[in-house]
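One line per chain: the protein sequences are A and Z, in this order. In terms of my numbering, the first sequence is numbered consecutively and its last residue is 45. In terms of my numbering, the second sequence is numbered consecutively and its last residue is 545. Working notes, structure below.
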Amino acid sequence: TGIQLSIKEFYRAT
Amino acid sequence: MLELRLVQGSLLKKVLEAIKDLVNDANFDCSATGFSLQAMDSSHVALVALLLRNEGFEHYRCDRNISMGMNLGNMNKMLKCAGNDDIITLKADDGSDTVTFMFESPNQDKIADFEMKLMDIDSEHLGIPEAEYHAIVRMPSAEFARICKDLSSIGDTVVISVTKEGVKFSTKGDIGTANIVCRQNTTVDKPEEATVIEMKEPVSLTFALRYMNSFAKATPLSHTVTISLSSELPVVVEYKIEDMGYVRFYLAPKIEE
Numbered sequence: 032t033g034i035q036l037s038i039k040e041f042y043r044a045t
Numbered sequence: 289m290l291e292l293r294l295v296q297g298s299l300l301k302k303v304l305e306a307i308k309d310l311v312n313d314a315n316f317d318c319s320a321t322g323f324s325l326q327a328m329d330s331s332h333v334a335l336v337a338l339l340l341r342n343e344g345f346e347h348y349r350c351d352r353n354i355s356m357g358m359n360l361g362n363m364n365k366m367l368k369c370a371g372n373d374d375i376i377t378l379k380a381d382d383g384s385d386t387v388t389f390m391f392e393s394p395n396q397d398k399i400a401d402f403e404m405k406l407m408d409i410d411s412e413h414l415g416i417p418e419a420e421y422h423a424i425v426r427m428p429s430a431e432f433a434r435i436c437k438d439l440s441s442i443g444d445t446v447v448i449s450v451t452k453e454g455v456k457f458s459t460k461g462d463i464g465t466a467n468i469v470c471r472q473n474t475t476v477d478k479p480e481e482a483t484v485i486e487m488k489e490p491v492s493l494t495f496a497l498r499y500m501n502s503f504a505k506a507t508p509l510s511h512t513v514t515i516s517l518s519s520e521l522p523v524v525v526e527y528k529i530e531d532m533g534y535v536r537f538y539l540a541p542k543i544e545e
């Protein structure tokens, strides 16, 4: 149920 | 040269038990200030951040910043060979492709060293900015673990909602639905038994229970867990490690199709 977002959609690679 | 002596070796054993199922391989970063790790799970849904500050070690020597790639399953195999009361020392020479774990029994009558091969891990490091959260819930970690376990027998996802009434954990599945509400409760004998809810705005987010149950493996590290929620951000599930630092788990929410 629902679409799982990725953690990479929230935080930028450094 | 790296030499970190941890009198309470069981802490490191518990840390590995907490993260080894979520992350297979990770770089442990060692600097003058502490021993840390940041790693995503293989599907890039969750992220774990570990910090063990230098002052928590009895002896802490790190001459230069070093990143050591380790397979956490193999590291766990080695740490399982340490007794719960053992003192654990990590040692690595500059440029070495191995790390040594030394285990000393409390009365020094048994000393073991285990050398583990390091590996090159091409991992992505994410910058996590400081954020203001809409709601922060602090509750007994065992209670949180129990709730996640119970709900996962009913459904696959949990909706965590914080309102003035308290924090509600809900799920639904083929057999039915479940709702567990925890109200703020600060009139307890011990502070670690309290449930404290700081709410700026009501918030409701949906998460995969599979990950929550994985995070709950950190329960032996801390009597309490802190859950920080904001409507546009991943949840942060934090287990503080007394006097040393923390293990934080970040989990991206699920959204409606």
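Glycine included, C-beta positions come from ideal geometry on N, C-alpha and C.
Run of the beta strand (DSSP E) containing I485(Z), from where it starts to where it stops: V484 to M487
Where R352(Z) falls: helix, strand or coil (DSSP): coil
Whole-angstrom distance between L335(Z) and D313(Z), CA atom to CA atom: 13 Å
For M500(Z), the first and last residue of its enclosing beta strand (DSSP E): Unbroken run through M500(Z) is the alpha helix (DSSP H), L497 to F503; no beta strand (DSSP E).
Buried versus exposed call for K368(Z) [16 or more other C-beta atoms within 10 Å across all chains shown]: exposed
Closer than 8 Å to chain A by CB, A334(Z): yes
CB-CB length for M404(Z) against M363(Z), believed under 8 Å: 7 Å
Among A337(Z), I485(Z) and L509(Z), nearest to I38(A) - alpha-carbon criterion: A337(Z)
Min CB distance D444(Z) to chain A below 8 Å: yes
Same chain, Cβ closer than 8 Å to H422(Z), neighbours up to 5 away in sequence not counted: V450, M487, K488, E489, P490, V491, L517, S518 and S519
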